[in-house]
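Just so you know, we're using this note's numbering here: the sequence shown kicks off at 1 and counts up by one.
Where is the CB? At the ideal position from N, CA and C, for every residue including glycine.
Working notes for the structure below.
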Amino acid sequence: MLTYLIYALPGIALALYAQFKVKSTFARYAQVPTQKGVNGVQAAQWIMDHTNVHVRVDRIQGELTDHYDPRGKVIRLSDSSVQNSVASVAVVAHELGHAEQDAQEYLPLKVRGAIVPAVSAGGGIAPMLFMVGIFLNSAGLMLAGAILFSLTTVFALITLPVEFNASTRALRTLESSQLLTAQEMVGAKKVLNAAALTYVAAALQSILILLYYLSASRSNN
């Protein structure tokens, strides 16, 4: 247990900080209205008009639950992202960055989508297989659990360029379309940088847990 904590704590600490950072940064810039006076849905239309990428815009309940669904070609905006604010526009632009990736067949996005079924299956089985291996004192089962879990790590690593690139596209579009002023762009960058940190934390957590699995399997062997 102590060994696991040594591996896991740095990732957990960064994840907690990242969650605090994204929530506090979003809350700050959610209080800053844009000079254009557009809400999230209007911002989505404004951006689509300037990128020539057109998808459906739906609502979804919750806060910061926004996402792009490539299967339905739709972005879903949460309750927190339909108001007139710098934070809302930044989030909308980011999700439309994913839509632009999809339209241009951005390779990391395609790869991530392709491995989702395997990650979903392996991610649930891996910890149980690893724990059974510990219980049965079987290095083979522990290693099998580690290999399955590695799919989750691959997914987390592929997610990094996907998310960073979507934010880069978002900021470029916001600047070129003049939806935000120069001062508002500073806030948008802070919102997207804070969000990016959550993906870095997720990748670090996955890497550290995988290293623990591999180390424990080798020690048992």
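Check: Cβ shell of I207 (< 7 Å), same chain only, five flanking positions each side left out; Outcome: T153
Check: When A156, V41, N137, A27 are compared against A194, the one with the closest alpha-carbon; Outcome: A27
Check: Under 7 Å between C-beta atoms of S88 and E63; Outcome: no
Check: Entirely enclosed alpha helix (DSSP H) segments - the region 111-178, minimum 4 residues; Outcome: 139-177
Check: DSSP three-state assignment for Y106, whether helix, strand or coil; Outcome: coil
Check: Touching by the beta-carbon criterion (3+ pairs, under 8 Å), the region 161-170 and the region 84-102; Outcome: yes
Check: Cutoff 6 Å; reference D66; Cβ partners in own chain excluding five residues on either side; Outcome: L77, S78, S81, V91, E95
Check: Supposed close pair T25, K190 - CB separation, criterion 8 Å; Outcome: 6 Å
Check: Anticipated Cβ contact below 8 Å, V186 with R112, distance rounded; Outcome: Not quite, the Cβ-Cβ distance comes to about 30 Å (not below 8 Å), so this is no contact.
Check: Straight-line Cα distance separating G133 from M142; Outcome: 5 Å
Check: Backbone secondary structure at V74 - three-state DSSP; Outcome: strand
Check: Neighbour-count burial assignment, G72, 16 or more Cβ in a 10 Å radius; Outcome: exposed
Check: Spatial distance of Y106 from I12 (CA atoms); Outcome: 31 Å
Check: Collapsed DSSP secondary structure at H54 in the structure displayed; Outcome: coil
Check: Whole-angstrom distance between A121 and A156, CA atom to CA atom; Outcome: 15 Å
Check: Cβ separation of A126 and L148, assumed to be a contact under 8 Å, to the nearest whole Å; Outcome: 4 Å
Check: Distance CB(Q178)-CB(A15) smaller than 7 Å; Outcome: no
Check: Spatial distance of M48 from A18 (CA atoms); Outcome: 30 Å
Check: Close-in-space but distant-in-sequence residues of the same chain around Y7 (CB under 8 Å, 5 per side omitted); Outcome: L208, I209, L211, Y212, S215
Check: Under 7 Å between C-beta atoms of V116 and T34; Outcome: no
Check: Neighbour-count burial assignment, G37, 16 or more Cβ in a 10 Å radius; Outcome: exposed
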